[in-house]
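*Asks:*
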Amino acid sequence: MGWFTKLLKGSNRKSSGGRYHGKYEDGRISDNLDCSADDLTDIEKEEIGRAIALSLSEADKKGKKVIEDDSESEDDELCPLSDEEAESVGEVQQDEDDHHAKIQQDEDKHLDEVQLEEDEQLARAIQESLSISSPPRSETDSLFQPFAHLFPPVYRICAGCNAEIGHGRFLSCMGGYWHPECFCCHACKLPITDYEFSMSGNRRYHKSCYKELHHPRCDVCKNFIPPNSAGLIEYRAHPFWLQKYCPSHERDGTPRCCSCQRLESVDTKYLLLDDGRKLCLECLDSAIMDTHECQPLYVEIQEFYEGLHMKIEQQVPMLLVERQALNEAMEGEKNGHHHLPETRGLCLSEEQTVPTILRRPRIGAGYQLIDMITEPFRLVRRCEVTAILVLYGLPRLLTGSILAHEMMHAWLRLKGYGNLRPEVEEGICQVLAHMWLESEIIPGTGDEGASSSSSSSSSSPSSSSSSKKGKRSDFEKKLGKYFKHQIESDSSAAYGDGFREGNQAVAKYGLRRTLDHIRLTGSFPY
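In the UniProt record's numbering, the protein residues as written are 1 to 526.
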């Protein structure tokens, strides 16, 4: 019965198929077999019934269906099944299908419970990792709590006003939390709303406010000093006045004051002199403009020398001149050493005709001097010195220091010191100019210098000059210190190195012994 074996094997393949989810369709035997049960004989029906019953009993015992060999089934004695038995077999098959369906439903339910438990464990793990404690759950609470319970509000204190920061926008920077309106610029006191800001110490600024406060601004053009090609801020600064300016102003023809050497800025106006020089208004305040105006100062310098016991017996003319006249006189002079790039005083020994300024000019339109009157002056050689020339338009203290310098040249020539090396002659002349400036800006210095440099103990008449100085402005006092600084910091060999060497000798040995040593050796004592 090969067809019967195939029939049973087909039933076996169907029972070992994939898992079903849901109810089975129909528990009865399928009707789409190769042959119909109505075509079988009674004996064959009985054999089929017995085979099915035997198969079901073995499946209950072993958990699977057992198919007998054809030879073994042929040896058994087959008994035909009645209609009631066949119906009984169908009910057994139906019960078996229901049993499998129930098992499948139990497995699905178990899988759902396992999945739900895993989800709960995952939610608890996430909650513990965030250190957020769940609020007490009531009977009606679900697994997933509302958003406010999962992320409770954090209480922050504003670092600006020390008040609590509630709901809404806030800033987190500089190690604290801020209300947006409390994070303000230290300069303008307005809130900082830009993405970037600047810091100076622990103070915060708008970038524009920080630049306005800390970025160097040129004192000449009043603009921010631009960075150089390397991205660095580079500027120049006057060594005494500390005037900061762009490096380009040293090459673009920006005027300088001929006295204090400060650059002319865009918000000031310098006075233009007849010879092309420019003079700032502060220096103009004490400037000496003509020969007659300079005579009282010349007398003060003569008295200063008398206080040092270095009186000049000869009457040496003193003239204020323009730059062109000074340069022409310098060309006609055979002796002397001149301080370049510009000479501001000259001690003449040759006979010349020099144009001198008779009347102080006045200031006209455009800050320019007008109505200057000059007169030629014939210099006659009556001694070794024919005249002392000084550049006009300079402040009183600078004019006085130039006069003191040139008068020392006259004293050396009149006393027969002969030809000295430039470092010695210019150096000792600068020492006398420096001493006079000290006597003007430091009270009592002139008397002390006179007594220390004199070999006798006679009283110094230089104190009489103090009554003629008058009250000076703060700027004039600072201007005197600047002229001293110019002498002390001069880098030239004759004027700078000569002054420092001569000043050291005078400080160590006194002025009189230093001059005696120069007369004998032509050099400074060590």
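Virtual Cβ for every residue (Gly too), placed ideally from N, Cα, C. Predicted, not measured: the structure shown is a model, and the values here were computed from it.
1) If we ignore side chains and look at the alpha-carbon of each, how far apart do Ile-441 and Cys-185 end up?
2) Below 8 Å, can you find three or more Cβ-Cβ pairs linking the segment 268-288 to the segment 405-417?
3) Helix or strand or just coil, what does DSSP make of Cys-184?
4) Of all the options Tyr-482, Glu-350 and Lys-484, which has the alpha carbon lying nearest to the alpha carbon of Glu-384?
5) Alpha carbon to alpha carbon, what distance is there between Glu-212 and Phe-183?
6) What is the residue span of the beta strand (DSSP E) that Phe-377 lies within?
7) By alpha-carbon positions, which one of Gly-276, Ala-329, Leu-297 and Met-435 ends up nearest to Pro-395?
8) Contact between the segment 476-484 and the segment 373-383 is defined here as three or more beta-carbon pairs at a separation below 8 Å; is this criterion met?
9) Output the boundary residues of the beta strand (DSSP E) element that contains Pro-355.
10) With a threshold of 16 other CB atoms inside 10 Å of the CB of Val-354, please say whether the residue is buried or exposed.
11) In its own chain, which residues sit with a C-beta less than 7 Å from the C-beta of Lys-311, not counting the 5 before and 5 after it?
12) Based on Cα-Cα distance, which residue from Arg-156, Asp-290 and Arg-344 lies nearest to Arg-359?
13) What span of residues does the alpha helix (DSSP H) with Ser-200 cover, start to end?
14) Taking all protein chains shown into account, decide if Asn-503 is buried (16 or more other Cβ within 10 angstroms of its Cβ) or exposed.
15) Val-390 and Phe-524 look like a contact to me (Cβ under 8 Å); what is the Cβ gap, rounded to whole Å?
16) Which whole-angstrom value is the C-beta distance of Glu-476 and Leu-397, which I expect to be below 8 Å?
17) Quick check: is any heavy atom of the ligand GDP less than 7 Å from the C-beta of Gly-522?
18) Please list the terminal residues of the continuous beta strand (DSSP E) segment that includes Ser-489.
19) What does the Cβ neighbour count give for Met-199, buried or exposed, with the cut at 16 atoms within 10 Å?
20) Could you pull out every residue in the same chain whose Cβ sits closer than 6 Å to the Cβ of Cys-246, ignoring the five residues on either side in sequence?
21) Between which two residues does the alpha helix (DSSP H) holding Val-431 run?
22) Which residues bound the alpha helix (DSSP H) around Val-387?
23) DSSP three-state call for Trp-241: helix, strand or coil?
24) In three-state terms, what does DSSP make of Ser-473?
25) Taking the alpha carbon of Gly-176 as the reference point, which residue from Cys-161, Lys-189, Leu-190 and Asp-275 has its own alpha carbon closest?
26) Contact defined as beta carbons within less than 8 Å: I believe Val-321 pairs with Thr-356. What is the distance between those atoms, to the nearest angstrom?
27) Excluding sequence positions up to five away, which residues of its chain have a Cβ less than 7 Å from the Cβ of Ala-410?
28) Looking only at C-alpha atoms, which of Ile-233, His-292, Tyr-210 and Asn-223 sits nearest to Gly-201?
29) Can you tell which of Leu-263, Glu-331 and Gln-368 has the C-alpha that lies nearest to the C-alpha of Leu-272?
30) Counting only the same chain and skipping the five closest in sequence on each side, list residues whose C-beta sits under 7 Å from that of Gly-364.
31) Around the Cβ of Gln-121, are there at least 16 other Cβ atoms within 10 angstroms (buried) or fewer (exposed)?
32) If you check the beta carbons only, do Arg-277 and Arg-344 fall under 8 Å apart?
33) Please name the residue in Leu-111, Tyr-195, Glu-331 and Gly-393 whose C-alpha comes closest to that of His-292.
34) Quick one: Cα of Pro-227 to Cα of Ser-208, how far?
35) Consult DSSP for Gly-510 and reduce its assignment to one of helix, strand or coil.
36) Looking only at its chain, what residues have a beta carbon closer than 8 Å to the beta carbon of Asp-490, apart from the 5 residues adjacent to it on each side?
*Replies:* Let me spell this out:
1) Going from the Cα of Ile-441 to the Cα of Cys-185 covers about 46 Å.
2) No: fewer than three Cβ pairs fall under 8 Å.
3) Judged by DSSP in its simplified three-state form, Cys-184 adopts strand.
4) Nearest Cα to Glu-384 within the set Tyr-482, Glu-350 and Lys-484: Glu-350.
5) Spanning the two alpha carbons is a distance of roughly 20 Å.
6) In this chain, the beta strand (DSSP E) harbouring Phe-377 covers 373-378.
7) The residue from Gly-276, Ala-329, Leu-297 and Met-435 with its alpha-carbon nearest to that of Pro-395 is Leu-297.
8) Here the segment 476-484 makes no contact with the segment 373-383; the two share fewer than three CB pairs at distances below 8 Å.
9) For Pro-355, the uninterrupted beta strand (DSSP E) run begins and ends at 353-359, by DSSP.
10) Val-354 comes out buried.
11) Taken in chain order, the residues that qualify are Tyr-305.
12) It is Asp-290.
13) Segment 198-200 is the beta strand (DSSP E) holding Ser-200; no alpha helix (DSSP H) there.
14) Burial call: buried.
15) Contact between Val-390 and Phe-524 is ruled out by a C-beta separation of about 27 Å, above the 8 Å threshold.
16) A Cβ-Cβ distance of about 7 Å is found for the pair Glu-476 and Leu-397, placing them in contact under the 8 Å criterion.
17) Among the components modelled here there is no ligand, and therefore nothing to report on the ligand GDP.
18) Ser-489 -> no beta strand (DSSP E), and no H or E assigned at all.
19) So Met-199 counts as exposed.
20) Here the set comprises Cys-218 and Ile-225.
21) Boundaries of the alpha helix (DSSP H) around Val-431: 422-441.
22) In the sequence under discussion, the amino acid at residue 387 is Ala, which differs from the Val named in the question. No alpha helix (DSSP H) contains Ala-387, which is instead part of the beta strand (DSSP E) from 387-391.
23) Assignment of Trp-241 by DSSP, reduced to helix, strand and coil, places it in the coil class.
24) Ser-473: coil per DSSP, three-state reduction.
25) If we check each option's Cα against that of Gly-176, Cys-161 comes out closest.
26) That pair is a contact at about 6 Å.
27) The residues are Ile-312, Val-316, Cys-347, Val-385 and Ile-388.
28) That would be Tyr-210, whose Cα lies nearest to the Cα of Gly-201.
29) The residue from Leu-263, Glu-331 and Gln-368 with its alpha-carbon nearest to that of Leu-272 is Gln-368.
30) Within its own chain, the residues whose Cβ lies closer than 7 Å to the Cβ of Gly-364, once the five positions on either side in sequence are excluded, are Ile-370, listed in chain order.
31) Label assigned to Gln-121: exposed.
32) Not in contact: Arg-277 and Arg-344 (Cβ atoms no closer than 8 Å).
33) Comparing C-alpha distances from His-292 to each of Leu-111, Tyr-195, Glu-331 and Gly-393 shows the shortest one belongs to Gly-393.
34) Cα to Cα, Pro-227 sits roughly 16 Å from Ser-208.
35) Of the three classes helix, strand and coil, the one that applies to Gly-510 here is coil, per DSSP.
36) These residues qualify, in order along the chain: Gln-430, Gly-496 and Phe-499.
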